[in-house]
Amino acid sequence: MAKPLIYDLDFESLNSTLAELDQPPFRTQQLWEGLYTRLYTDFSQFSNIPKDLRDSLSKQFIINPLRVQKSLRSQDGLTEKVLFALQDGTSVEAVLMRYERRNSLCISTQVGCPVGCVFCATGQMGFVRSLSSGEILAQVLHFMRQLQAENQKLTNIVYMGMGEPFLNYEATMDSVRRLMDQQGLNFGARRITISTVGIIPKIEQFTEENLQVNLAVSLHAADNALRSQLVPANRMFPINKLIPVCKAYTEKTHRRISFEYALIDGVNDSREAALALAGLLKGMLCHVNLIALNPSKKYSLQGSPKAKVHAFSATLEEQGIPVSIRLRRGVEIQAGCGQLAGAEITA
Ligand code: SAH
Ligand code: SF4
Numbered sequence: 006m007a008k009p010l011i012y013d014l015d016f017e018s019l020n021s022t023l024a025e026l027d028q029p030p031f032r033t034q035q036l037w038e039g040l041y042t043r044l045y046t047d048f049s050q051f052s053n054i055p056k057d058l059r060d061s062l063s064k065q066f067i068i069n070p071l072r073v074q075k076s077l078r079s080q081d082g083l084t085e086k087v088l089f090a091l092q093d094g095t096s097v098e099a100v101l102m103r104y105e106r107r108n109s110l111c112i113s114t115q116v117g118c119p120v121g122c123v124f125c126a127t128g129q130m131g132f133v134r135s136l137s138s139g140e141i142l143a144q145v146l147h148f149m150r151q152l153q154a155e156n157q158k159l160t161n162i163v164y165m166g167m168g169e170p171f172l173n174y175e176a177t178m179d180s181v182r183r184l185m186d187q188q189g190l191n192f193g194a195r196r197i198t199i200s201t202v203g204i205i206p207k208i209e210q211f212t213e214e215n216l217q218v219n220l221a222v223s224l225h226a227a228d229n230a231l232r233s234q235l236v237p238a239n240r241m242f243p244i245n246k247l248i249p250v251c252k253a254y255t256e257k258t259h260r261r262i263s264f265e266y267a268l269i270d271g272v273n274d275s276r277e278a279a280l281a282l283a284g285l286l287k288g289m290l291c292h293v294n295l296i297a298l299n300p301s302k303k304y305s306l307q308g309s310p311k312a313k314v315h316a317f318s319a320t321l322e323e324q325g326i327p328v329s330i331r332l333r334r335g336v337e338i339q340a341g342c343g344q345l346a347g348a349e350i351t352a
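According to this note's numbering, the sequence shown is numbered sequentially starting from 6.
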């Protein structure tokens with residue numbers, strides 16, 4: 006069996022592991038600092054830890070679970086997509102987007118996705134497996150190290166890569182807690198966003214966590230029949246049940262919820278569709294993010310042209326719904342929303 010990944014352990018578990026190795030408690034602190042503050046990639050780097058302990062840790066744990074299989078940059082150099090090979094030979098992608106004042110990372114929570122949204126490259130490849138919390142975190146650590154070497158910092162993390170975070174709830178939330186840990190990465194909750202297709206019981210559970218982490222729900226249609234066609238999860242979690250749960254989230258947490266809406270030419274981009282969406286969301290503490298659908302291999306329909314995107318946005322605004330239009334980033338390297346498919350797998 007493969008060795009466990011050290012990033013899968015929380016502080017307490019690491020503490021008990023070290024206690025079993027007859028180590029004093031301060032060793033856990035040293036190890037934690039090496040992993041999450043100094044961002045070490047090899048046990049040999051822990052120079053404050055005795056060599057025999059380093060040796061037994063490296064026999065027991067994997068510290069370097071990801072291998073960069075491929076790395077692509079957009080023409081402007083601002084978007085970078087990395088295909089990571091995992092220990093079992095499967096792979097996932099993550100995307101770093103550089104802006105003037107922020108560096109935002111889009112990470113994956115599953116290899117493939119069981120939800121099967123028709124327009125999404127990840128959905129089109131089917132489901133392979135869920136990632137562990139450590140595998141989710143390792144994507145972040147890779148880019149943190151890279152940015153650190155450039156004297157830059159990661160400022161935002163979005164769980165919008167491959168997979169459905171709320172169908173891998175425990176690992177996702179463990180990774181979030183590890184990111185927020187003040188003794189470690191100390192990454193601000195408000196700079197983290199989890200995007201879900203709308204798994205109702207998990208939105209309810211997330212509401213109870215009462216964290217400052219942002220929540221985005223991928224809606225794409227206000228009409229129930231249309232949404233069921235586009236997003237099969239809607240058959241189990243229909244709009245009339247989903248929206249009240251979203252509203253309850255905003256009321257309980259006092260946090261604004263985001264709704265993602267990919268505009269598909271001639272499908273969900275009419276004025277009527279915008280009015281229906283406005284009607285659905287009226288009075289809710291929310292924000293709509295519009296994006297023109299990105300192309301994917303197995304879906305032939307097109308993203309809405311610019312004029313329609315702007316008209317849709319104007320209708321929402323006129324109805325008092327806060328809205329923004331998301332820039333398409335990295336589309337030419339298949340790094341845009343919904344384009345991640347672990348190229349090596351689908352080739
Ligand atoms: N499974 C989660 C998170 C990963 S998908 C979810 O569905 O929310 C991240 C976002 O990309 C979602 O909003 C999803 O609907 C959107 N998306 C998927 N395919 C897309 C495409 N072809 N063009 C634009 N956005 C897409
Ligand atoms: Fe899965 Fe999200 Fe893609 Fe739908 S859009 S198939 S939920 S990754």
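Every residue gets a Cβ at the ideal spot worked out from N, C-alpha and C, and that includes glycine.
Between the beta-carbon of residue i and the beta-carbon of residue j, is there less than 8 Å?
i, j, result
"Ala99", "Lys302", "no"
"Leu159", "Asn108", "yes"
"Ala176", "Leu136", "yes"
"Trp37", "Gln188", "yes"
"Gly139", "Asp13", "yes"
"Ile205", "Val250", "yes"
"Ser113", "Gly168", "yes"
"Asp270", "Gln234", "no"
"Leu285", "Ala227", "yes"
"Asn356", "Gln80", "Residue coverage of the chain in this structure runs from 6 to 352, which leaves residue 356 outside it and unanswerable."
"Arg43", "Thr95", "no"
"Thr198", "Ile208", "no"
"Val73", "Cys111", "no"
How many whole angstroms separate the CB atoms of residue i and residue j, which I take to be in contact at a CB cut-off of 8 Å?
i, j, result
"Ile67", "Leu40", "12 Å between Cβ atoms; not a contact."
"Ser318", "Asn294", "Not quite, the Cβ-Cβ distance comes to about 10 Å (not below 8 Å), so this is no contact."
"Leu282", "Leu321", "7 Å"
"Lys296", "Arg331", "For the sequence presented, residue 296 should be read as Ile rather than Lys. Contact holds; Cβ gap of about 4 Å."
"Leu142", "Arg183", "6 Å"
"Asn69", "Thr84", "About 25 Å; that fails the 8 Å criterion."
"Thr258", "Cys291", "Contact doesn't hold; Cβ gap of about 12 Å is too wide."
"Lys75", "Leu88", "4 Å"
"Gly166", "Leu345", "6 Å"
Taking residue i as part of the alpha helix (DSSP H), name the residues at either end of that continuous run.
i, result
"Ser63", "56 to 65"
"Asn3", "Because the chain is modelled from 6 through 352, residue 3 falls outside the range shown and cannot be assessed."
"Ser18", "16 to 25"
"Ala143", "138 to 154"
"Tyr174", "174 to 185"
"Arg232", "229 to 235"
In angstroms, rounded to a whole number, what distance separates the CA positions of residue i and residue j?
i, j, result
"Val236", "Val120", "8 Å"
"Ser63", "Pro170", "30 Å"
"Gly347", "Val97", "5 Å"
"Phe31", "Ala154", "28 Å"
"Ile350", "Gln339", "Model confidence at Ile350 stands at a pLDDT of 46, short of 50, so the residue's coordinates are unreliable; what they give is reported in the following sentence. Approximately 14 Å, taken between the alpha carbons."
"Gly288", "Phe211", "22 Å"
"Phe51", "Tyr266", "46 Å"
"Asp186", "Gln144", "17 Å"
"Gly335", "Phe16", "37 Å"
"Gln35", "Asn53", "8 Å"
"Asp93", "Asn219", "32 Å"
"Met130", "Gln65", "34 Å"
"Arg196", "Leu152", "17 Å"
"Ala238", "Ile248", "14 Å"
"Cys342", "Ala278", "22 Å"
"Ala7", "Val181", "25 Å"
"Ser21", "Thr33", "9 Å"
"Ile244", "Leu231", "11 Å"
"Glu25", "Val314", "59 Å"
Residue range of the beta strand (DSSP E) that residue i falls in?
i, result
"Ile330", "328 to 330"
"Gly3", "In the structure displayed, the chain extends from 6 to 352; residue 3 sits before or after that span and is not available."
"Lys86", "84 to 90"
"His292", "291 to 297"
"Gly117", "115 to 117"
"Thr42", "Premise fails: Thr42 is in no beta strand (DSSP E) and is neither H nor E."
"Lys75", "72 to 78"
"Ala267", "262 to 268"
"Cys122", "Taken as a continuous stretch (DSSP letters only), Cys122 belongs to no beta strand (DSSP E), as it is neither H nor E."
"Leu110", "108 to 111"
"Arg2", "A question about residue 2 goes unanswered here, because the residues of the chain that appear run from 6 up to 352."
"Arg103", "96 to 103"
"Thr198", "197 to 201"
Shell residues, 7 Å Cβ cut-off relative to heavy atoms of ligand 2: Chain order is used for the residues whose beta-carbon lies nearer than 7 Å to a heavy atom of ligand 2, namely Cys118, Val120, Gly121, Cys122, Cys125, Thr127, Gly128, Met167, Gly168, Glu169, Val202, Ser223, Val236, Ala238, Gly343.
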